[in-house]
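*Asks:*
In my numbering, the protein residues as written are 130 to 568.
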């Protein structure tokens, strides 16, 4: 058993193989073509588009240690159940890129065939995260940065000064660690000069415009991720018989989701379409385009459930295949509440999460290697164990990031903008309070 032939599918890496999701193909189907000379119903074979929603796992198993030297790994296809919260309606051209054990998808198009000659297309600008291990989709929404003015006015100078000094000390410690790892100099005179240079760079740095809604709906946009930042470039949008190709790039911080930053943008000057239309039809199209542009300027996201996929008459084998793809999604696997591992809190950054759970992760790593690699434990340095602990904490932080964002949105709607850790609050109770707050 293996996936059916297709194009435009998503292919994501995994530590034990790879995952294939979705895709696009065209299948043969018959349709009525009027009556023949004998009075019988005539039919003809046409090609119908099909957007796949199935998920396949390509499991790659290395050969056992006792196998011969040139033994190849075992490769096997495994069909997974339909992911939870799959995009609805199904869409093509929704490109996906890998990031921290999940796939980040953007955009897409859903075609509805009104008749044999006309197709109505619906475009999307949703940002989705596909958790590979849990086989589940999450929708990512942009948010405006939380206001800091009220916090500063009500918190007092002592609290703000302590927080600022703590942050400065932490940044200086990180710089020193970076210099030690790079075998650089720790001359005290170099650090202030570096700060001055940074301040000069900040003065001449060009601020990029930021918008708090997703870029314009499109399909086949190019995606790339670098340092937890998603870059969206290009894409295509159609209106009637006009085709627009975007020449612009946006960036989104996947950890904060605090807006889409415009890297560059080139205005659309021309379009590709039919030139032999009547003048009356051109005028009507221009009026429709003006109305649509006003609606787009209003800044609303494209609805994702306004159009249902059209039922298509298919051969019997294709019907069985489609039914298998539309089977009930699998139950959600264990989450952070049941796996026994420490998890992040709402509004808690990765740095704060690791600072709070650092010793717990080190204990977990030491316990895992206690019996497996008893001889290697003594050889591992504290730095190596701490590095492994941070990698595990980072993996956990990203694995439940979508759930934390949902909780953060709910708490912000209820007027809660931060979470106070009771144990940290108790430690700082004698010096003005507030040192244990998590933002």
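Even glycine gets a Cβ: it sits at the ideal position worked out from N, Cα and C. The structure presented is a predicted model; accordingly, all values stated were derived computationally and were not measured.
Give me, in chain order, the residues of the same chain whose beta-carbon lies closer than 8 Å to that of residue 442; leave out the 5 immediate sequence neighbours on both sides.
*Replies:* Confidence at residue 442 is low in this model, with a pLDDT of 40, below 50, so its placement is unreliable and the value that follows should be read with caution. Cβ neighbours of residue 442 beyond the five flanking positions: 158, 159, 160.
*Asks:* From the beta carbon of residue 479, is the nearest beta carbon of chain D less than 8 Å away?
*Replies:* Within the model displayed, chain D is absent; a lone protein chain is all it includes.
*Asks:* State yes or no: is the C-beta of residue 205 nearer than 7 Å to some heavy atom of the ligand FAD?
*Replies:* Ligands are entirely absent from the displayed structure, and the ligand FAD is therefore not among its contents.
*Asks:* What does a CB cutoff of less than 8 Å around residue 489 pick up in its chain, not counting 5 residues either side in sequence?
*Replies:* The residues are 471.
*Asks:* Please state if the CB of residue 479 and the CB of residue 523 are separated by a distance shorter than 8 Å.
*Replies:* Closer than 8 Å, so yes.
*Asks:* Per DSSP, what kind of secondary structure is residue 512 in: helix, strand or coil?
*Replies:* Three-state DSSP puts residue 512 in a helix.
*Asks:* Using the rule of at least 16 other Cβ atoms within 10 Å of the residue's Cβ for burial, across every protein chain shown, is residue 352 buried or exposed?
*Replies:* With 16 or more other Cβ atoms within 10 Å, it is buried.
*Asks:* Would the beta-carbon of residue 220 fall within 8 Å of that of residue 238?
*Replies:* Taking 8 Å as the Cβ cut-off, residue 220 and residue 238 qualify as a contacting pair.
*Asks:* Compare the Cα-Cα distances from residue 231 to each of 392, 359, 387 and report the closest residue.
*Replies:* Nearest C-alpha to residue 231: 359.
*Asks:* So, does the segment 212-226 touch the segment 260-276, judging by three or more C-beta pairs under 8 Å?
*Replies:* Cβ pair count under 8 Å is three or more, so yes.
*Asks:* How long is the line joining the alpha carbons of residue 519 and residue 357, rounded to whole angstroms?
*Replies:* Spanning the two alpha carbons is a distance of roughly 16 Å.
*Asks:* Is residue 357 helix, strand or coil when you go by DSSP?
*Replies:* Residue 357: coil per DSSP, three-state reduction.
*Asks:* If you drop the 5 nearest sequence neighbours on each side, which residues of the same chain put their C-beta closer than 7 Å to that of residue 228?
*Replies:* For residue 228, where only same-chain residues beyond five positions count, the Cβ hits under 7 Å are 354, 383.
*Asks:* How far does the alpha helix (DSSP H) with residue 534 in it extend, from its first residue to its last?
*Replies:* 530-542 is the span of the alpha helix (DSSP H), which, as asked, contains residue 534.
*Asks:* On the criterion of 16 or more Cβ atoms from any shown chain inside 10 Å, does residue 337 qualify as buried, or is it exposed?
*Replies:* With fewer than 16 other Cβ atoms within 10 Å, it is exposed.
*Asks:* Over what stretch of residues does the beta strand (DSSP E) that includes residue 345 continue unbroken?
*Replies:* Run containing residue 345: none; DSSP gives neither H nor E here.
*Asks:* How big is the Cα-Cα spacing for residue 344 and residue 179?
*Replies:* Rounded to the nearest angstrom, the two C-alpha atoms are 27 Å apart.
*Asks:* Under the rule that 16 or more other beta-carbon atoms within 10 Å means buried, what is residue 112, buried or exposed?
*Replies:* Summary: the structure shown does not reach residue 112, with the chain confined to residues 130 through 568, and so no result is reported for it.
*Asks:* Starting from residue 371, follow the beta strand (DSSP E) in both directions and report where the run begins and ends.
*Replies:* 371-374 is the extent of the beta strand (DSSP E) around residue 371.
*Asks:* Taking the C-alpha atoms as reference points, what is the distance between residue 131 and residue 146?
*Replies:* Whole-angstrom Cα-Cα distance: 15 Å.
*Asks:* Assuming residue 380 contacts residue 390 under a Cβ cut-off of 8 Å, what Cβ separation, rounded to an integer in Å, is found between them?
*Replies:* Sure, about 5 Å apart at Cβ, within 8 Å.
*Asks:* Quick one: Cα of residue 538 to Cα of residue 492, how far?
*Replies:* Those two C-alpha atoms are separated by around 33 Å.
*Asks:* Please tell me whether residue 200 and residue 190 are closer than 8 Å, where the distance is taken between their beta carbons.
*Replies:* It is not a contact, given that the beta carbons lie outside the stated cut-off.
*Asks:* Which residues in the same chain as residue 250 place their Cβ atom closer than 8 Å to its Cβ, once the five residues preceding and following it in sequence are excluded?
*Replies:* Closer than 8 Å at Cβ, skipping near neighbours: 238, 239, 240, 241, 367.
*Asks:* How many angstroms separate the CA atom of residue 402 from the CA atom of residue 393?
*Replies:* Only weak support exists for where residue 402 lies, its pLDDT of 44 falling under 50; the value from the coordinates is given anyway. The alpha-carbon atoms of residue 402 and residue 393 are separated by roughly 26 Å.
*Asks:* Suppose you measure from the CA of residue 407 to the CA of residue 348; what does that come to, to the nearest Å?
*Replies:* Here residue 407 scores only 44 on pLDDT, less than 50, and its place in the model should not be relied on; the value that follows carries that caveat. Distance between the alpha carbons of residue 407 and residue 348: 29 Å.
*Asks:* Does the Cβ-Cβ distance between residue 205 and residue 188 come in under 8 Å?
*Replies:* Their beta carbons are under 8 Å apart, which means residue 205 touches residue 188 by this criterion.
*Asks:* List the endpoints of the continuous beta strand (DSSP E) containing residue 255.
*Replies:* From DSSP, residue 255 is part of no beta strand (DSSP E); its letter is neither H nor E.
*Asks:* With DSSP as the reference, label residue 380 as helix, strand or coil.
*Replies:* Residue 380 falls in the strand class under three-state DSSP.
*Asks:* Measuring alpha carbon to alpha carbon, tell me which of 171, 514, 485 ends up nearest residue 498.
*Replies:* Ranking 171, 514, 485 by Cα distance to residue 498 puts 514 first.
*Asks:* By a C-beta neighbour count over all protein chains shown, 10 Å radius and 16 as the cutoff for buried, is residue 525 buried or exposed?
*Replies:* So residue 525 ends up on the buried side.
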